[in-house]
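Report on the following structure.
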Amino acid sequence: MDKLLDSLKKSLGLQVQAVKNIEQALNESFTNVIDEIDKCKGRIIFSGVGKSGLIARKIASTLSSIGVPSIFIHPTDAYHGDLGMLKSDDLAVFISNSGNTTELLGLINPIKRMGLKIISIVGNTHSELANFSDFVLDASIKEEASPIKLVPMASTTATLVIGDLIACGLIVKRGFKDEDFAMLHPGGSIGKKLLTYVEGLMHQGKDLPTVNLDDGFEQVLFEISSKRLGVTFVVDDSLVLYGVITDGDLRRILEKFKKMVFDLKAKDMMTKNPKVIEKKALAIKAANLMQNYSITSLAVCENNKIIGVIHIHDIMKAGVI
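Note that the UniProt record's numbering gives residue 181 to position 181 of the sequence shown, counting from 1, and the numbers run on in steps of one.
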């Protein structure tokens, strides 16, 4: 068991070292590649063979997910007609650990004749592929992380990280935001988190629990119990928000004032300056606010007037959290 764990730790250490080597190699060659991809008017065409091909597919998928149109073409398919998918305003990215992959080298001239520039991500910057490329990113490693040194591990890790760095740079350069990401990911939990807004979940109209400043204990109790949200908001006749009263507040007030509670007004019982949110805010933002302040509901306001209330249960029911 100790021998097995030692081999795992060694493999992990070599992969960590491969990533650290990239950090040391970060220079203007990375920014130049990011600039070139950013200004590309067409698509980013990835290609590679074997494990490098799988990494190329993943990077293409990552870039597409942030709004950079990218596809993967296998070199063999390219040789047999798929070059027809390419246009002169596209940009090619070749991935090869050795930098001498025969299938990729054979594509250089046809692709150059079509007017495409070539970016290569290679483990050997003195290779043929690197020499014929317009841009080169160094993915070299000192040692593979496999015990037999033949299975690509550290090299694929390094290449994958380089792809993620390119994506990171493009996110920063293009000012890509959560809202942009949401438009490209409408399904699943990501879509729910980024496309569900407070406006679509809030209670409003007759379902909105409110009392006036001078309403008494009985009216406050009725509003909280009948609307079943565990809260009511204190407003004036124009629905300007002044405070909030929760069912927990009522229990504490009863304990403190006993029969005297019937002499109290809503303005005497309320907590001033309740937490509020806008109707156009994301529901996940509302959930985060509730968590930060240990509350279960938020007033939805517009021009200092309450227009709704959103409860943590509404957000959970919608599958946002």
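Backbone N, C-alpha and C define an ideal beta-carbon position, used for all residues, glycine too.
The structure presented is a predicted model; accordingly, all values stated were derived computationally and were not measured.
Short of 6 Å in beta carbon distance, which residues of its chain neighbour Val240, apart from the five on each side in sequence? Order them along the chain. Numbered from its first residue, the sequence shown carries residue 240 at position 240. For Val240, where only same-chain residues beyond five positions count, the Cβ hits under 6 Å are Asn304, Lys305.
Taking only the alpha-carbon atoms, compute the straight-line gap between Ala154 and Asn32 and give it to the nearest angstrom. Within the sequence shown, residue 154 is the residue found at index 154, counting from 1. Within the sequence shown, residue 32 is the residue found at index 32, counting from 1. Rounded to the nearest angstrom, the two C-alpha atoms are 25 Å apart.
Closest by CA to Val309, which one among Pro209, Val234, Lys117, Ile108? In the sequence shown, residue 309 corresponds to position 309, counting from 1. Nearest C-alpha to Val309: Pro209.
Cβ pair Leu129, Thr156 closer than 8 Å: Position 129 of the sequence shown holds residue 129. Position 156 of the sequence shown holds residue 156. Against a cut-off of 8 Å, the Cβ pair of Thr156 and Leu129 comes out as no contact.
Can you check which of these residues, Gly50, Asn288, Leu213, is closest to Lys265 by C-alpha distance? Numbered from its first residue, the sequence shown carries residue 265 at position 265. The residue with the shortest Cα to Cα distance from Lys265 is Leu213.
Where Gly48 falls, given that 16 or more other Cβ within 10 Å makes a residue buried: On the sequence shown, position 48 is the one that residue 48 refers to. Buried, since its Cβ has 16 or more Cβ neighbours within 10 Å.
Report all residues from its chain with a CB closer than 6 Å to the CB of Asp89; omit the five preceding and five following residues, and keep chain order. Locating residue 89 in the sequence shown gives position 89, counting from the first residue. So the qualifying residues of the chain are Lys41, Gly42.
I'd like to know if the stretch 248-256 and the stretch 162-176 are in contact, where contact means that at least 3 CB-CB pairs between them fall below 8 Å. no
Under the three-state reduction of DSSP, which class applies to Leu239: helix, strand or coil? Here the question's residue 239 lines up with position 239 in the sequence shown. Leu239 falls in the coil class under three-state DSSP.
What would DSSP say about Phe46, mapped onto helix, strand or coil? Stepping through the sequence shown from its first residue, residue 46 is reached at position 46. Annotated three-state conformation of Phe46 is strand, per DSSP.
Report all residues from its chain with a CB closer than 7 Å to the CB of Gly53; omit the five preceding and five following residues, and keep chain order. Indexing the sequence shown from 1 puts residue 53 at position 53. These residues qualify, in order along the chain: His74.
Where do the ends of the beta strand (DSSP E) carrying Thr125 lie? Taking the first residue of the sequence shown as position 1, residue 125 is located at position 125. No beta strand (DSSP E) contains Thr125, which DSSP labels as neither H nor E.
Hey, quick one: how far does the beta strand (DSSP E) through residue 377 stretch, first residue to last? In the structure as shown, the chain begins at 1 and stops at 321. Residue 377 is therefore absent and cannot be evaluated.
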